[in-house]
Every structure is written in structure tokens, then in C-alpha cells.
Amino acid sequence: MSAILDIADLTVEFPTRREIFVAVDGASLTVEPGEIHGLVGESGAGKSTIGAAVMALLERPGRIAGGTIRLKNRIISGRDRAEMRSLRGSEISMIFQDPLTSLNPLFTIREQLTETITTHLSVTDAEAHERAHDLLARVGIPEPDIRLDQYPHQFSGGMRQRVVIALALCSEPDVIIADEPTTALDVSIQAQILDLIRELANERQVGVILITHDMGVIADTTDRVTVMYQGKVVETGATRLVLGKPNHPYTKSLIAAVPRPNVKLHRFPLLSYDGRATEFRIDDLARNWNKADTDSAKPLFEISGLTKRFLQKRSFIPSRRQYLVAVNNVSFDIRQGEVFGIVGESGSGKSTVARMIAGLYRADGGTILYGGQPVTGSGSLAWYRRQIQMIFQDPYSSLNPRMRVDAIVAEPALHHRLLSGKALRHRVDELLEHVGLGAAAGLKYPHEFSGGQRQRISIARALATQPRFLICDEPTSALDVSIQAQILNILKDLQEHLSLTMLFISHDLPVVRQMCDRVAVMQNGRLVEVRDAEALFASPREAYTRSLLKLMPRLDGLATEGIQDQVEA
Amino acid sequence: MTSVYTAPDRFNQMALRIRAMWQGDLAWAFRHSPVAMVSFVVVVLLVSGALLAPLIAPHDPFDPATLNLMNGFTAPGTPNAFTGESFWLGTDDQGRDVFSTILFGMRISLLVGFAAVLLGMVIGVTLGLIAGYRGGWTETIIMRVADVQLTFPAILVAMLIFGIAKGFTPVEYRDQIAIWVLILAIGLSDWVQFARVVRGATLVETKKEYVQAAQLIGRSGTAIMIRHILPNVLSPVLVIATISLALAIIAEATLSFLGVGAPPTQPSLGTLIRIGQGFLFSGEWWILFFPACTLLALALSVNLLGDWLRDALNPKLR
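Sequence lines, in order, name chains A and B.
So the mapping is simple: our numbering equals the position in the first sequence, first residue as 1, plus 983.
So the mapping is simple: our numbering equals the position in the second sequence, first residue as 1, plus 661.
Here is the structure:
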């Protein structure tokens, strides 16, 4: 079978005012009809740039500096914009990451579909409407007759992504480029969308380039995979082979860092590829740590009947106000020194629980007892705030961009008047040193650091008051997988050596399995079950938990370098 | 990470900072915009002319001893028929050198402009921050007041404030406080756009996690607003302040032209134009023309600088 899309030695440059940035450096890959070709790599690897180059959607001043792109043996690179426009959509189409923004909210689904069909195919209006109907039915939208005349806002996220796929199929393209098509969706919907893409590729013999950073998606969906690192293709081949027997050291390190759903490891193996892994020094920190002597038999937190409502519709008259119940009568304990996990899909209320415990939201009902003392009522909570700290999800917004790093790290200790002057400066330097950034990092501003480094700054800030309790709200969901492994290892070290108690919020089940001692499952604001992590993963009791676990990626064929010894130990 | 860091001394640190600024994005945008550079030169020339007026002005228009009524209505560049004295830009009816009155008039215009913008900025930024961060009733009240004020033309609001202030002050002090009343009037008519922009930016920043991190450690609302949010909403404020400066200078000139602004004893550019327009049709055009040109050059170049700054700070237009 001959390749339908053939990218050879593609080089894409972005001239900036100081230098020319090479985003893609001599990349080659081919896609065959009916094949799903995965393109995987960490952020900045150039995988999306390849997709944009094929679609001729490179943002200015980006340009193709070398190499060719062939579609069905015709060279399509280097053509002018008008020619590309006719190709785009008719022979190649694209599925974007965010279904909320890739549909025009002002037009009905019917209008958007038929417009695309009549633009690219010479059919009558009636035929176009019929095709639109068939496509919608084909992508699995129930009652297409009714749905066709609805607007995008009447569809849920997953349904919208199905519509986007239908839109991509309108012109009967030969190649579809799917750029992170499921990243914005919940796991349960992600699986359905990937299945749909899989089926459609087979059925219509369309070649698909699936761009993703998620090894689980690659393992479950693709036929072949190309691994990219810093603009270069490092390895390409059949998915099973690349994931099971990686040749290139970068691929090996990447695969080793993927959290395993089926086994709990002591630490993530960090196979250093280019010396990026920076060490984390825990011993000195642990020596100077004021460990609280507490009765470890009693739980640290006793939470009962916790409820939170958000006002949805304002009104002067109380009875007309409408509320969304985000957390509904949730009760659990957190024991001393454990890592307590909360999992659930988006909207399940897990972050809201964390925010109430952190004191960022006021609970509408229920009590939170910390060491037997209530922290929900009024009164000064300064003593409590000193004991808890939080690590946030988005490292790009959790640090004030206008503050120097040393000021950011010093702020909590300064506010609580724990340290000042020289002692404070010394503590800040020490903490930055411990998290592997070095004291000189204190003189810089956050924008000079990468996402993983910023998360280390967050950790340093959280440790400045020597807290006893750490809340981690999706601490790694914005990070690349190898950075995620580093950060999770740091958190584990901290928890063990400093005898911290930790609340760990995540939607990522394999990560939760690696991190947590006990796990609470939440759904629609309610607690489904709370159990020991290993027991929960081995034999879930509730139906909802079972269905969640079933959606975990099956990473059976993954290489086990660096992991084997830990499993046996 | 392993490199040994040696702290630079104070002087080196400053040199490094200046170099970083020159190589920064803003300086780059400046060096690549001829309009910005020309405007900047014009502004610097005019402002330094105003600041150095006592040193460089050939005459002191406020010292009656140096005035000679015989010099009245001397045309630019030609010697006076009676005294033989020559003036670059001519003289007005009382024999005052137009060039000198322009230099001194600009002092008043710029003082009023800067002070009014500063006042409007302080009020607007404070209220905008509070409205954006507190939300609820506080926000509703502040923003509705702003909306109401927006429905009146700024010049009308300024005249209203000016009129009220005048009514409350005894006649003998009126000339002395006229300038301060002008500043108050223009400043109070100007805070709304600062408040609106800062409120919008504050709403965005408040949702970011660094604000939550500060709330988590128990920082008070005031501390969060000043220390965390304010530095992050300042760049649009800078743009509005520049454009407002041009508007404030024009507003001052308008009020003075209408006779409700700077008194003839302390003439601003607007007062000079008002004096000059009486002689426009009797042939003494220069008394009006040169102050008007100066006002135009000042307002235009400040405005162009503001426009450039807005584009340079807006990443979408780059």
C-alpha cells in the first residue's frame, strides 16, 4: 500500500528578532489509508507544528524552510494560500482540541455541516441536507433530525467533538489531522471519541495523524507512532514495537515515566536522557523540620456532612434564587501521615472539597475538624493557615508574574511572622536549593522558568511555613509526563521524610494509584466510596468506580525498563 | 543549575537593568517606530522648554517691569517700528513676547495635565481594584456611578465642578486656586475609564491561582489588591494615562478658552489662544497661531506616543 501522506525532511522555522527558532527539524513520516499514525512528544516538541504545516495553517512568521509534503503523490508544500485553501477541507481536514471554540456558536449544526458540504462537493441542497443527516447519525448523535437544527451550546462537550468530527468528514477527506482531540474531555468521553475515530478511519480508509502527549491514547488507538523530541523525530515504527521495545534513550525515558495503572511503584524511575532531571535534596530539609508530635491514632481531619452550593441565578427574593449543589453531604476522615486521594470527573466537586478544607471557600453546611478543632466557623484561623499549604494546578498562573521568586517563596513565612531578615533569606535560599533550582533562582522572575520548574517554586513556597498538611489540586495535570514523574517523586519524598499529611486531588487514576494510601471516589458532588487504594483498584465495590477503572488506559505492552526491579521488590 | 552565582554590586546591577530594558521588547518596538521616535523627541523638546522656561525665555511675561507697551503688536521677525526691538514670534497687544508666553503657558498646561491625570488615575485605579476584587454590591454601586458619569461629556462635568468650586471660594482667592480647581475638575471627570479598565483586568487576575495562594496564607484583601493584583494590571493603565494626558491638556485648553480655566494672570496655552482669537481678523494672526500650533504639537505627539504604547504592549497586534 502506498502512503497517502508523505512528509519528508520537513523543516519549519520561526524567525524571531534575535534568532531563527527551528520548530521542526528534518522530520519525516508517512500515513497510509486507514491508518492512525500517532505523533507523540512533550510540549514544544514540534508535533502540532507538523500538523499546522500540513494544513498550511502555520502562524506568521513561521515558514517551511525545507523538505516536502506529498499528498497522494502531489507535492503540496510551497503552494500559495489560495491553492492551499482549496486543498484544505476538501482533501485534508482537521479536528481541534477544544470543541467549545471550534464550532461557530451563531449557526445551527445543519447550517455548518451543509455549508461545508456544498463548498467542497458538487451536490444539490437536498443531497447536502441528507448527507448532513447521515453524518450526524454516523458519528453517534441520537435523534439527528432534532439535533441538526440545534445550536452548538445545546450540545455537551463530547457531543460537540462528535459534531466537529462530522464536520471534518463532510468533504470526504483523505487525511484527517486530529490535534489533541480528547485532551479537553473527560476520560469516559475520551474513550468513546477515540473509538469513533478508530472506526471511521477503518471504514472510510482515511489516514489519521493523531497528535497527543498522552501515552495511553497512543497505546490504545494508534497503529504506528512517531516520537518527537525538540523538533526532531527520534523514533518511528509500529506502536507495539516502539512502546514495548523502545530503541532511543529518549523514548525509553518517556515510557518509563508513564504512570502504570496496574501496579504501584515505590518511585517513578527517572531515566536521565539529557541531564534535565535535577535532583531534589530532602535530607537536610528533614533534619531541620519541626515535626509536630501528635497522637497518630487520631485522624488529622474529621469531615462530616460537608455541603457547598453556588448561586446560579440571582434574585432579590430568596425563594427564586437557584443554586448548584457542588458538594452534597460529604463525610470522611484523613489520617495522620497518609496521602488521601480524591478522584472524579470534572464537575464531581473534588476541587471544591479541597478549597473548603483550604479555607478558600466557606462551607454552606457540615463541619471540618482539624485535630479536633473546628475550622469552618468564624474566628481567627491564622493558626490553622500556618499548618496547611496548597500546590495548585496551573504553574503558569499560580505564581505572581510581577514578583521575584525569592519574594514569592518568602511571602507565607513573612506573613505569618515566622521568620524575617537574614533567617528568612537563608530559609528561602535553602528551600530553592532543596527543590533543585539553586539559590540564584530567587533573583529571577517566574517567566524565566519552565512549567516543571515553576511547580518546584510552588513546592518551595508551600514548604516555607513548615506545614503539616499539604493540599495538591491536580498538581501535575498541566505538566509533561517526564516532568510529572519528577514532581510526583518529590511529593512522595516530602510526604515520607517530613511526615506530611497530604490531600491529593486528581482525575488521573494511574497517578492516584501511585500516590495515594486511601482514595475517595466522587460523582456529582456525592461521595461514592472511600477505601484503601490497593483494595479499591483490585476490587472496586460500586458500579461507578468499576466503570471509571475500566476507562483507564491498558498499558500492557509498555516497556518495563527501570520498573521491573521495583515490581519484584 | 550548577553555575556559581556571584551577586553583582549595585552599580553593575543598574547597568544590567538598563541594558535589559534597552534590549527589551518595548525598546525594540520603540526603535522600530519612526512615529514614536519623532513624537518622543517633540515631547521631550516641549517639556524641557516648559521646565526651563525661566532660564531660556527672552522675557518674563509676568514681570510688568520688563514689558513695554510700545512693543505691542510686533510682527514675528520684524523690528518694532518704535523701539526697534525684534521678537521671534512677535508680541501680543501688551507687548509680551509670544515665544516667552508660550513657554510659560505650557508650564501651566502641563502641570494641569499631569496632575489631573494623576488624580484621575489614583481615584480610578483604586475604585476599579475594589470593584473588581470585592464584587457584589460594592462593584454595582461603583460601576453604576461610573456609567452615569459617562453619559455626561467630560467637559460638562469639569465645568460643573469648576462652577461649584468657584461658588464656594471667596473672590480674592479665586485666581490663586484656579489652577487647583482646574486639576480637580479635569481629574474627577477622567477617572471612569481608569476604573473600567482596571476592574476588567482585576476580574481576570482575581481568578488566577496566585491570588488564591495569597488568600490561602491569610493575606488581607487590601494586601492582595496592592501587592499582587495592582502590579499586574498596570500596563493598560500606563496606556490610558498617556492618552488621557493629551486629552487633559486639551480639556484644560478648552476650559481656559471658554474663560473658566486659567486666569489671564497665569495664562495657559488655552488662555493664550483665547486672547489671540480676538486679534485674528485684525491681521495680528501670530498671537493666536503660535500658541495653537504648540498645543497641537504637544497634544498630537503625546497622543501618538500613547497609541504606539498601546500597540507595543498589546501582544495581539505584534
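Glycine included, C-beta positions come from ideal geometry on N, C-alpha and C.
Since we're looking at a predicted model, the values are computed, not measured.
Residues sharing a beta bridge with residue i, DSSP
| i | result |
| --- | --- |
| Y1306 (chain A) | A:L1294 |
| V1513 (chain A) | A:A1503 |
| T787 (chain B) | None; T787 (chain B) has no bridge partner. |
| G1049 (chain A) | A:T994 |
| A1010 (chain A) | A:L993 |
| I1124 (chain A) | I1124 (chain A) pairs with nothing; no bridge assigned. |
| M1077 (chain A) | A:I1160 |
| F1284 (chain A) | A:I1317 and A:Y1353 |
| I1003 (chain A) | A:P998 |
| R1071 (chain A) | A:I1075 |
| R1057 (chain A) | A:L1054 |
| L1289 (chain A) | A:V1313 |
Enclosing alpha helix (DSSP H) for residue i [first to last residue]
| i | result |
| --- | --- |
| M1373 (chain A) | Unbroken run through M1373 (chain A) is the beta strand (DSSP E), I1371 to I1374; no alpha helix (DSSP H). |
| E1067 (chain B) | The first residue shown for chain B is 662 and the last is 979, placing residue 1067 (chain B) beyond what the model contains. |
| L930 (chain B) | L930 to Q938 |
| Y1344 (chain A) | Careful: Y1344 (chain A) lies outside any alpha helix (DSSP H) and carries neither H nor E. |
| F951 (chain B) | W947 to L974 |
| S1085 (chain A) | Neither: S1085 (chain A) is in no alpha helix (DSSP H) and is coded neither H nor E. |
| V894 (chain B) | L891 to F918 |
| V1560 (chain A) | Nothing about residue 1560 (chain A) can be read from this structure; chain A reaches only from 984 to 1552. |
| T1528 (chain A) | A1526 to K1533 |
| Q927 (chain B) | Run containing Q927 (chain B): none; DSSP gives neither H nor E here. |
| V1464 (chain A) | V1464 to H1480 |
Selected residue, minimal CA-CA separation from residue i, among the options
| i | options | result |
| --- | --- | --- |
| L780 (chain B) | B:V832, B:W798, B:T801 and B:S850 | B:S850 |
| G922 (chain B) | B:G685, B:L845 and B:S694 | B:L845 |
| A1443 (chain A) | A:R1408, A:H1196 and A:S1460 | A:R1408 |
| F1315 (chain A) | A:L1307, A:G1324, A:A1309 and A:V1308 | A:G1324 |
| N1056 (chain A) | A:E1015, A:L1483, A:F1293 and A:V1411 | A:E1015 |
| R1439 (chain A) | A:E1525, A:Q1467 and A:V1007 | A:Q1467 |
| G1348 (chain A) | A:K1333, A:V1336, A:K1291 and A:H1399 | A:K1291 |
| L1481 (chain A) | A:A1447, A:L1426, A:V1494 and A:R1496 | A:A1447 |
| N1383 (chain A) | B:L707, B:E870 and B:E945 | B:E870 |
| W689 (chain B) | A:R1000, A:G1017, A:I1172 and A:R1181 | A:R1000 |
| R768 (chain B) | B:L965, B:A960, B:P928 and B:A958 | B:P928 |
| A960 (chain B) | B:A726, B:T915 and B:V865 | B:T915 |
| L1081 (chain A) | A:R1410, A:L1193, A:L1168 and A:I1003 | Reading the sequence as shown, one finds Asp at residue 1081 (chain A) and not Leu. Nearest of A:R1410, A:L1193, A:L1168 and A:I1003 to D1081 (chain A), Cα basis: A:L1168. |
| A1518 (chain A) | A:S1085, A:R1068 and A:V1246 | A:V1246 |
| A1065 (chain A) | A:L1086, A:P1088 and A:M1038 | A:M1038 |
| P1044 (chain A) | A:V1005, A:I1052 and A:S1069 | A:V1005 |
| I1192 (chain A) | A:R1400, A:A1542 and A:F1079 | A:F1079 |
| V1210 (chain A) | A:D1203, A:G1199 and A:Y1233 | A:Y1233 |
Delimiting residues of the beta strand (DSSP E) encompassing residue i
| i | result |
| --- | --- |
| T1350 (chain A) | G1348 to Y1353 |
| L997 (chain A) | What sits at residue 997 (chain A) in the sequence shown is Phe, not Leu. Its beta strand (DSSP E) spans residues L988 to P998. |
| H1020 (chain A) | I1019 to V1023 |
| S1489 (chain A) | T1484 to S1489 |
| D1456 (chain A) | F1452 to D1456 |
| V1326 (chain A) | V1322 to V1326 |
Could you check whether the segment 1341 to 1355 of chain A touches the segment 1278 to 1297 of chain A, counting it as contact only if at least three pairs of C-beta atoms, one from each stretch, sit closer than 8 Å? yes
Taking three-plus beta-carbon pairs below 8 Å as touching, is the segment 1324 to 1331 of chain A in contact with the segment 1451 to 1459 of chain A? no
Write down every uninterrupted run of the beta strand (DSSP E) in the segment 1186 to 1254 of chain A whose length is 3 residues or greater and which is fully enclosed by it, in chain order. 1190 to 1195, 1207 to 1212 and 1215 to 1221
Counting only runs that start and end within the segment 1362 to 1442 of chain A, where is the beta strand (DSSP E) found for 3 or more residues in a row? 1371 to 1374
Looking at C-beta atoms only, is the number of pairs between the segment 921 to 940 of chain B and the segment 745 to 762 of chain B that lie closer than 8 Å three or more? yes
contact_flag[the segment 1110 to 1129 of chain A, the segment 1160 to 1173 of chain A] where n(CB pairs < 8 Å) is 3 or more: no
Going residue by residue through the segment 694 to 773 of chain B, where are the continuous alpha helix (DSSP H) segments of at least 4 residues, counting only ones entirely within it? 695 to 712 and 714 to 717
With three or more C-beta pairs closer than 8 Å as the rule, is the segment 955 to 974 of chain B touching the segment 894 to 910 of chain B? yes
For the structure I just gave you, are there three or more beta carbon pairs, one from the segment 1415 to 1429 of chain A and one from the segment 1334 to 1346 of chain A, closer than 8 Å? no
Alpha helix (DSSP H) segments (min. 4 residues) lying fully within the segment 787 to 836 of chain B: 797 to 811 and 815 to 829
Counting Cβ pairs, one atom from each stretch, are 3 or more of them under 8 Å apart for the segment 774 to 789 of chain B and the segment 853 to 867 of chain B? yes
Pairing CB atoms from the segment 1168 to 1177 of chain A with CB atoms from the segment 1106 to 1120 of chain A, are three or more of them under 8 Å? no
Please confirm if the segment 720 to 727 of chain B is in contact with the segment 770 to 777 of chain B, defined as three or more CB-CB distances below 8 Å between the two stretches. no
Should the segment 1015 to 1026 of chain A be called in touch with the segment 1184 to 1199 of chain A, which here means at least 3 C-beta pairs below 8 Å? yes
Can you confirm whether the segment 1083 to 1096 of chain A touches the segment 1133 to 1150 of chain A when touching is taken to mean that 3 or more C-beta pairs between the two stretches lie within less than 8 Å? yes
Could you check whether the segment 1359 to 1377 of chain A touches the segment 1523 to 1541 of chain A, counting it as contact only if at least three pairs of C-beta atoms, one from each stretch, sit closer than 8 Å? no
I'd like to know if the segment 726 to 737 of chain B and the segment 751 to 759 of chain B are in contact, where contact means that at least 3 CB-CB pairs between them fall below 8 Å. yes
Segment contact, 8 Å Cβ cut-off, at least three pairs: the segment 869 to 884 of chain B with the segment 1380 to 1397 of chain A: yes
With a threshold of 8 Å, are at least 3 pairs of Cβ atoms found where one atom belongs to the segment 874 to 891 of chain B and the other to the segment 944 to 961 of chain B? no
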